[in-house]
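Asks: Supplied in structure tokens, the structure appears directly below.
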Amino acid sequence: MGGSYESYLALLRELSGSLEQLAQLAQDKAAAVRRDDLIGLDQVLKQEQAMGLNLRGTEQRRQKLAAQLDLGSTPLNDLPRHFPPELEIQAGQTVEQLRQSYAIYRGCADMARNLLELNLHQIEKTITAAGVDPAKPGAGYEPPGVEPPQNMKTDFRA
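Per this note's numbering, residue 261 is the first one in the sequence shown, and the count goes up by one each step.
Take a look at the structure:
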């Protein structure tokens, strides 16, 4: 049974590493926004999407292991107390590392979101100053009646 507990800790460390990667991606996103680099921003968003799918798989594995160890509804703060005594200190360190990684990620993600919102607000102000009401239907990028290129269409019946 100790191996399952160690596997759970390894999974939490993997999750912590993923959060650190997401924090770096949030910083890259903010840098792309500051440079007005839409291509770079798109690449970062694609990487974030891939990380999100990876995290979904990690969460499914975590839930399965937590159920095996009867830790399903145990809050993160209480986790070390449910581990065997020889792993309790290691579990506490892993939980603290995960909490710190999450805090760093949240800070970076909030900063990137605020920067994006600020730039979107600036775009709306510029559009409004040009005499266009951004809330008005048809005021977007595509004039009514314009069809997308044939290679961008999808046949949903296929």
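Think of the CB as a built atom: it goes at the ideal place given N, C-alpha and C, for glycine as much as any other residue.
Ignore the nearest five residues each way along the sequence and tell me which others in R322's own chain have a CB closer than 8 Å to its CB.
Replies: To locate residue 322, count along the sequence shown from 1; it is residue 62. So the list reads Y268, L271, L272 and L275, once near-sequence residues are dropped.
Asks: What three-state label does DSSP hand L297 in the structure shown?
Replies: As a working mapping, residue 297 is identified with position 37 in the sequence shown. Per the sequence presented here, residue 297 reads as Asp, with Leu not at that position. Three-state DSSP puts D297 in coil, outside helix and strand.
Asks: How would you write the range of the alpha helix (DSSP H) that Q410 sits in, first residue to last?
Replies: For the purposes of this step, residue 410 is identified with residue 150 of the sequence shown, where counting begins at 1. Note, Q410: premise wrong, no alpha helix (DSSP H); not H, not E.
Asks: L331: buried (16+ other C-beta within 10 angstroms of its C-beta) or exposed?
Replies: By one-based count along the sequence shown, residue 331 stands at place 71. It counts as buried.
Asks: What are the complete beta strand (DSSP E) segments, minimum 3 residues, inside the segment 284–365?
Replies: Counting whole runs of 3 or more residues, the segment 284–365 contains no beta strand (DSSP E) stretch at all.
Asks: Can you look up G263 in the DSSP assignment and give me helix, strand or coil?
Replies: Here residue 263 refers to the residue found at position 3 when the sequence shown is read from its first residue. Helix, per DSSP.
Asks: Starting from the C-beta of E280, find all residues in its chain whose C-beta is less than 6 Å away, skip the five residues before and the five after it, and write them out in chain order.
Replies: Here residue 280 refers to the residue found at position 20 of the sequence shown. These residues qualify, in order along the chain: S361.
Asks: Going by other Cβ atoms of all chains shown within 10 Å of its Cβ, with 16 needed for buried, is V252 buried or exposed?
Replies: Residue 252 cannot be examined here, being either before or after the span of the chain that is shown, 261 to 418.
Asks: Considering Cα atoms alone, identify which of A389, L285 and E266 is closest to D370.
Replies: As a working note, residue 370 is residue 110 in the sequence shown. Comparing Cα-Cα distances from D370 to each of A389, L285 and E266, the minimum goes to L285.
Asks: Taking only the alpha-carbon atoms, compute the straight-line gap between K324 and Q357 and give it to the nearest angstrom.
Replies: Counting from one through the sequence shown, the residue named residue 324 turns up at place 64. Counting from one through the sequence shown, the residue named residue 357 turns up at place 97. Taking the straight line joining both Cα atoms gives about 22 Å.
Asks: Determine, using beta carbons only, whether Y265 and L315 come nearer to each other than 8 Å.
Replies: Position 5 of the sequence shown, counted from the start, is the residue given in the question as residue 265. Position 55 of the sequence shown, counted from the start, is the residue given in the question as residue 315. No, the Cβ-Cβ distance between Y265 and L315 is not below 8 Å.
Asks: Whose C-alpha, out of A283, V293, Q287 and A326, is nearest the C-alpha of L378?
Replies: On the sequence shown, residue 378 is found 118 positions in, with the first residue counted as 1. Among A283, V293, Q287 and A326, the Cα nearest to that of L378 belongs to V293.
Asks: Answer with buried or exposed for K289, where buried requires no fewer than 16 other C-beta atoms within 10 angstroms of its C-beta.
Replies: The sequence position of residue 289 within the sequence shown is 29, counting from 1. Flag for K289 reads buried.
Asks: Classify A418 as buried or exposed, calling it buried when 16 or more other Cβ atoms lie within 10 Å of its own Cβ.
Replies: In the sequence shown, the residue the question calls residue 418 occupies position 158. Its pLDDT being 46, under 50, A418 is placed unreliably in this model, and the coordinates cannot settle the point.
Asks: When you compare only the Cα positions, how much space is there between I349 and H342?
Replies: If you number the sequence shown from 1, residue 349 lands on position 89. If you number the sequence shown from 1, residue 342 lands on position 82. Between I349 and H342, the C-alpha separation is close to 11 Å.
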